[in-house]
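The structure appears below as structure tokens.
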Amino acid sequence: MSEWEGIYTIWFREAKRYVRYRSRILSSVVTPLLWLLIFGTGLGSAIKFGTGITGSYKAFIFPGIIGQTILFTSIFSGVSVIMDRQYGFLKEIMVAPVSRPSIVFGKALGIGTASIIQGVILLLLSFVVGVQMTPVIFIASFLLMIPISVGLAGVGLLIATFTDSMEGFNLIMSFIVLPMFLLSGALFPVTGLPSFLQAVVYLDPLTYGVDALRQVIIGQGALPLYDSTLVVVGFALFTIILAAILFSEREQNLM
Amino acid sequence: MDYIIETHDISKKYGDFTAVDSINLKVPRNSVYGVLGPNGAGKTTLISMLCTILHPTSGSATVNGYDVMKDSKEVRKSIGVVFQSRALDDILTGREHLEMHAALYGVPNNLRKQRIEEVLDLIALGEKADEFTRTYSGGMKRRLEIGRGLIHHPKVLFLDEPTLGLDPQTRESIWEYIQKLNQQEDITVLMSTHYMDEADKLCDEIAIINKGHIIKSDSPKNLKHELKADIITMKVDDQEKFLNEVKKLDFIKNIMVVDSNIKMMVEGGENLVATLVNFANKNNIMVKSIELDHPNLEDVFINYTGKRIVEGA
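First to last, the protein sequences are chains A and B.
Note that the first sequence covers residues 28 to 282 in our numbering.
Note that the second sequence covers residues 74 to 386 in our numbering.
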């Protein structure tokens, strides 16, 4: 019982922090809009979109940009544990009679909440790219966003468990976040790629999240929805459990 | 005697460096116990082990009857901790910090409001309680942290350098809180400090710790009494010559040099000031200043940890 209370408390703090940093919310909505409107329109009018893909390029990347927003928010919020550590706040949580896994679950759910709020805002703005939003699409996308964001929050928390300071921030950006985004098929169809690229693309967990969202939102997935959903849920469980285990084990290094 | 904290040869090593070396500590229930030592003496490491966030390399400890390794969750429920470094979230209000803490420590829902009001009353945050903590002064932040540590009515409150970096006035007010707390509540306070006056004023008992060892532990009164001496502090022009000569005087029990001050322990110092000045003159040494002091904890500390030039006399 008290563990639930602990998870809830940590989730609540995380959510409160998110809502209070208004500038962050604003930029996290503006950035994807810039991608959609400028990049999407610009590239969309320059290229002829081939092989069985219908609709505009803007609409095609819309699910990809949702995935991107979730990716950036989740990983950077996960990494914020490093800041908690630097500001000493993590100690206050670590010395409380709450188990380590509960701390990780609470954090991941809090981060997930922030990412999902952003995803929902984008869903509501779907008319900008000419995508028809229905209640069914909305609910299905919402449900998909839960494992996607929790899984990526797990990645962020894992990184935080092994990083001492925010100086590694640029490395995380170049070696994890950007490759995950670019390889996910957010900006291009993953079918018909050169085989070396294809292989890497299918190693990127975000590929499955984007594909599932694309299937749901514009009906154009490269993989069966069932398969990609399974991968996304499995990935979420894997990262969260791994983060919980490593966070408990490396507890001493986190002080 | 009823001890609420006991350690048995507790040690912490980092590679070759031993931060805490086989410390045996016994803290009586409901006392204010001070761990006094210079920076880097191992105070924070010791406290971190007692509050379960660091594992000892060897040895063991019990807090409130629970083993810090085996029953760490029970220990955590029994203690409140105020860390040396700030542990506040600047985008939460003071009240939210207290609410969060109460929830994390499983304070029953129906008691929370009342406890929070009690604590807010004690730490006198006033209207600031509902503002973000980034607007707080250093003293208010400290008070909030101490108050937060009390919400769940812990049996032991750990304070790691509670007044570090605070101005004198704020320090005084924090001291008052700690004293009030110890009188009003059923609580033991274990605090670390490197301020002698703080330890002297607040603590019932003190352990002097240096380089990971406890050098001496007793009440401040007894520690001072043990020196059995007044201290005459002198500055002279030819320190070396003076030290060589003064050693020969048998009323001087101990000599220490701290910076350029020569500290001599004597009995009945009032009568000896003139003697020492005359003695210096006779040896053609110029006395720059001379001062007579009754011993304070600082002297005790120097006596046990400082550079000793002459043992006895």
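Quick reminder that beta carbons are idealized off the backbone N, C-alpha and C, glycines included.
Owing to the predicted nature of the structure, the values given are computational and were not obtained by experimental measurement.
Within the region 108-135 of chain B, the residues whose Cβ lies closer than 8 angstroms to any Cβ of chain A are, in chain order, Ser121, Cys124, Thr125, Ile126, Leu127, His128. Judged by DSSP secondary structure, Asn334/B falls outside any alpha helix (DSSP H) and instead within the beta strand (DSSP E) spanning 334-339.
Bridge pairing for Glu364/B: Thr306/B [DSSP]. Using a 10 angstroms sphere on the CB of Gly183/A, the tally of other CB atoms reaches 16 or more, which defines it as buried. When the five nearest sequence neighbours on each side are left out, the beta carbons in the same chain lying within less than 8 angstroms of the beta carbon of Val228/A are those of Leu210, Ser211, Gly212, Val217, Leu220, Thr234, in order along the chain.
Counting only runs of 3+ residues, no beta strand (DSSP E) is found wholly inside the region 87-174 of chain A. Annotated three-state conformation of Phe205/B is strand, per DSSP. Val106/A is not a Cβ neighbour of Ala42/A, given a cutoff of 7 angstroms. Chain order gives the chain B residues near Phe116/A as Ala160, Leu161, Asp162, where near means a beta carbon separation below 8 angstroms. With respect to Ile328/B, Val346/B sits apart: the two C-beta atoms are not nearer than 7 angstroms.
Interface with chain B (7 angstroms Cβ-Cβ cutoff): Arg47/A is included. Within the same chain, Val100, Val136 come within 6 angstroms of Ile78/B by CB-CB distance, once the 5 residues on both sides are set aside.
Runs of beta strand (DSSP E) with 3 or more residues, each lying fully within the region 223-286 of chain B, are found at 229-233, 261-266, 278-283, listed in chain order.
Restricting attention to Thr58/A, Leu240/A, Arg49/A, Ser83/A, the CA atom closest to the CA of Leu70/A is found in Ser83/A. Scanning chain B for C-beta atoms nearer than 8 angstroms to the C-beta of Ala123/A yields Arg149, His174, Leu177, Tyr178, reported in chain order. For Phe196/A, the enclosing alpha helix (DSSP H) begins and ends at 196-199.
The DSSP-derived three-state label of Met359/B is coil.
Contact residues of the region 175-199 of chain A toward chain B are absent (C-beta to C-beta distance below 9 angstroms). The contact set of Phe374/B on chain A, defined by CB atoms closer than 7 angstroms, is empty, because the minimum CB distance reaches about 28 angstroms.
Straight-line spacing of the CA atoms in Glu343/B and Thr130/B works out to 51 angstroms.
Contact between the region 127-141 of chain A and the region 164-178 of chain A is established, with three or more Cβ pairs separated by less than 8 angstroms. In the DSSP assignment, Glu276/A falls within the alpha helix (DSSP H) that extends over 252-276. At a cut-off of 7 angstroms between beta-carbon atoms, Val350/B makes no contact with chain A. Judged by pairs of C-beta atoms under 8 angstroms, the region 238-252 of chain B does not touch the region 277-292 of chain B, as fewer than three such pairs exist. Asp240/B places its beta carbon 7 angstroms or farther from that of Arg207/B.
Here the C-alpha atom of Arg168/B lies approximately 28 angstroms from the C-alpha atom of Ser101/A.
Taking the Cα positions, Gln247/A is about 8 angstroms away from Asp238/A.
Note that the C-beta distance between Arg221/B and His174/B is below 7 angstroms. Annotation: Ile203/A to Tyr114/A spans about 25 angstroms, alpha carbon to alpha carbon. Going by beta carbons, Lys297/B and Val229/B fall outside the 7 angstroms limit. Per DSSP, reduced to three states, the secondary structure at Ala249/A is coil, with no helix or strand assignment. In this structure, Ile305/B and Leu349/B form a Cβ contact; the two beta carbons are roughly 6 angstroms apart against a cut-off of 8 angstroms.
Listed in chain order, the non-local C-beta contacts of Ile287/B below 8 angstroms within the same chain comprise Ile96, Asn97, Leu98, Ala280, Ile281, local neighbours out to five positions each way being set aside. It is roughly 26 angstroms from the alpha-carbon of Ile260/B to the alpha-carbon of Glu32/A. Ala197/B sits exposed, since fewer than 16 C-beta atoms from the chains shown fall within 10 Å of its C-beta. Sequence-distant partners of Asp366/B (beyond 5 residues in either direction) whose C-beta falls short of 7 angstroms from its own C-beta, in its chain, are Asp303, Ile304, Thr306.
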